[in-house]
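As structure tokens, the structure follows; a few thoughts come after it.
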Amino acid sequence: MSDQTERTMALAGILQAISQVQHLTRQSSADMDGIAASLSAILVTNPDITSDVYTDKIALNKGYKLIVEQLSDSKNKDMEITRYLVGILALERKLSRAPNALGMLSERINQIHRQLHHFELTSDQVIANFASIYSDIISPLGPKLQISGNPEFLKRPQTQEKIRALLLSAMRSAVLWRQLGGKRRYLIFNRKSILDIAKKNLTLS
5 MSDQTERTMA LAGILQAISQ VQHLTRQSSA DMDGIAASLS AILVTNPDIT SDVYTDKIAL
65 NKGYKLIVEQ LSDSKNKDME ITRYLVGILA LERKLSRAPN ALGMLSERIN QIHRQLHHFE
125 LTSDQVIANF ASIYSDIISP LGPKLQISGN PEFLKRPQTQ EKIRALLLSA MRSAVLWRQL
185 GGKRRYLIFN RKSILDIAKK NLTLS
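According to this note's numbering, the sequence shown is numbered sequentially starting from 5.
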């Protein structure tokens, strides 16, 4: 698997998590399979290969579809998705420069591994723990992401926790993307290559 293919997979992981955030803010019900796919990526901290992080290829397909929509010349671009992506990448850069935060993040994720001996991945207790990691460690690093959507859905505490947990998942993929050599300018100068890889993975899905 080439570096570009792996970077594109990580980018799809970011967008898949972001798409779940958007779904939660617009729909009355949650896509628990999609949420589970995003949350499971957080727990794979030492993968042998990038694809080990994304075990649910059907869910990742949504990320590839968004890459095509966002980077192509079509009229299907979603500026809300773009805003979330830019915000996540900005927060990740701050995280990469904060070794204490990275250390705390690792320890808190290990706590969730232990919690999973007693609870399911998408249980309220585990999602609340993911959400608190985002609130305690990621959110203080920079300006808070402004999440748009239906106010009726956004005011629900459980929805808020799912959103924070999914933003943590987006951050996990953003960390991986940077580790694989991803930079914001890479999205501009390698747009065609990213699109080709995303389209190929859509075809194979």
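Every residue, glycine too, gets a C-beta built ideally from N, C-alpha and C.
Close Cβ partners of residue i (< 6 Å) along its chain, the five nearest in sequence each way excluded
i: residue 68; result: 16, 202, 205, 206
i: residue 129; result: 123
DSSP three-state assignment for residue i, whether helix, strand or coil
i: residue 1; result: The structure shown does not extend to residue 1, since the chain is modelled only from 5 to 209, so the question has no answer here.
i: residue 150; result: coil
i: residue 89; result: helix
i: residue 161; result: helix
i: residue 65; result: helix
i: residue 185; result: coil
i: residue 52; result: coil
i: residue 11; result: helix
i: residue 135; result: helix
i: residue 193; result: helix
i: residue 122; result: coil
i: residue 59; result: coil
Nearest to residue i (by Cα), restricted to the options the options
i: residue 62; options: 39, 46, 50; result: 39
i: residue 138; options: 164, 196, 27, 87; result: 164
i: residue 41; options: 129, 58, 123; result: 58
i: residue 60; options: 49, 20, 84; result: 20
i: residue 117; options: 101, 49, 144; result: 49
i: residue 98; options: 144, 162, 71, 130; result: 144
i: residue 82; options: 70, 93, 92; result: 70
i: residue 103; options: 141, 133, 33; result: 141
Cβ neighbours of residue i in the same chain (closer than 8 Å, five flanking residues each side left out)
i: residue 184; result: 7, 10, 11, 14, 54
i: residue 23; result: 38, 66, 67, 70, 85
Length of the line joining the Cα atoms of residue i and residue j
i: residue 149; j: residue 95; result: 9 Å
i: residue 65; j: residue 156; result: 29 Å
i: residue 56; j: residue 180; result: 12 Å
i: residue 114; j: residue 30; result: 32 Å
i: residue 160; j: residue 85; result: 22 Å
i: residue 36; j: residue 147; result: 28 Å
i: residue 111; j: residue 122; result: 18 Å
i: residue 153; j: residue 126; result: 22 Å
i: residue 87; j: residue 199; result: 19 Å
i: residue 52; j: residue 188; result: 25 Å
i: residue 100; j: residue 107; result: 11 Å
i: residue 80; j: residue 197; result: 19 Å
i: residue 89; j: residue 177; result: 11 Å
i: residue 72; j: residue 193; result: 15 Å
i: residue 172; j: residue 92; result: 9 Å
7 Å Cβ shell around residue i - same chain, five flanking residues per side excluded
i: residue 167; result: 25, 28, 151
i: residue 131; result: 165, 166, 169
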